[in-house]
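I have placed the structure first, in the form of structure tokens, so that the comments after it can refer back to it.
Residue numbers (this note's numbering): 12 to 218.
In structure tokens, the structure reads:
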């Protein structure tokens, strides 16, 4: 019997190799599908601001009013004056779905914008919100939506900045190129979550 198995393996070893490769491939496909599904069900928002406090209230609001296709919407505040902000930005910022960033040269770096953020179809955005907006552009391409203008105290997310009156700066919203929700903001696909998240934040009255 032992000799039989030895000869069998010797003659058909390549079939075992193929079986192992197919099994590994199928496992990878299943894991990737599950991971992608989980990514499609959640949105993470990275908010860089000056000395912001607790995010519990706004996260309760997001949880209770999130789009029905999403299971989780999370917003995290990061103090851009903190010594650890650079580490937080590298670890969490570019890996999130949405970023709300102040117009500071040390934070919004054009090269990073081009490398990590999704381009924005301004026609698609303005058609959805039915208003003219202002943007952050690099080399002729649009990457950010101006969501707060300090001088006029206006913008899509002006209500969120009620408690930021001492932060004399404008803010932009970006979408990471790796986010599964960024496609429609770029004029392709049918994932409406990016627009719905902007609307959700715009309807938040006061933190």
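Quick reminder that beta carbons are idealized off the backbone N, C-alpha and C, glycines included.
Contact between the segment 107-126 and the segment 67-77 is absent: fewer than three C-beta pairs spanning the two stretches fall below 8 angstroms. The three-state reading of DSSP puts residue 83 in strand, counting E and B together. The Cβ atoms of residue 186 and residue 171 lie no closer than 7 angstroms to each other.
Sixteen is the threshold: since fewer than 16 other Cβ atoms of the shown chains lie within 10 Å of the Cβ of residue 95, the residue is exposed.
In terms of CA proximity to residue 149, 129 leads the group 99, 129, 161. By the 16-neighbour rule on beta-carbons within 10 angstroms, residue 155 is buried. Here DSSP, grouped into helix, strand and coil, assigns residue 97 to helix. Annotation: residue 90 to residue 127 spans about 21 angstroms, alpha carbon to alpha carbon.
Rounded to whole angstroms, residue 157 and residue 208 show a C-alpha spacing of 15 angstroms. Excluding its 5 nearest sequence neighbours in each direction, residue 137 has C-beta neighbours in its own chain below 8 angstroms: 143, 144, listed in chain order. Secondary structure note for residue 168: it is in no beta strand (DSSP E), with a DSSP letter that is neither H nor E. In the displayed model, residue 104 falls within a helix according to three-state DSSP.
By the neighbour-count definition (other C-beta atoms within 10 Å, threshold 16), residue 166 is a buried residue.
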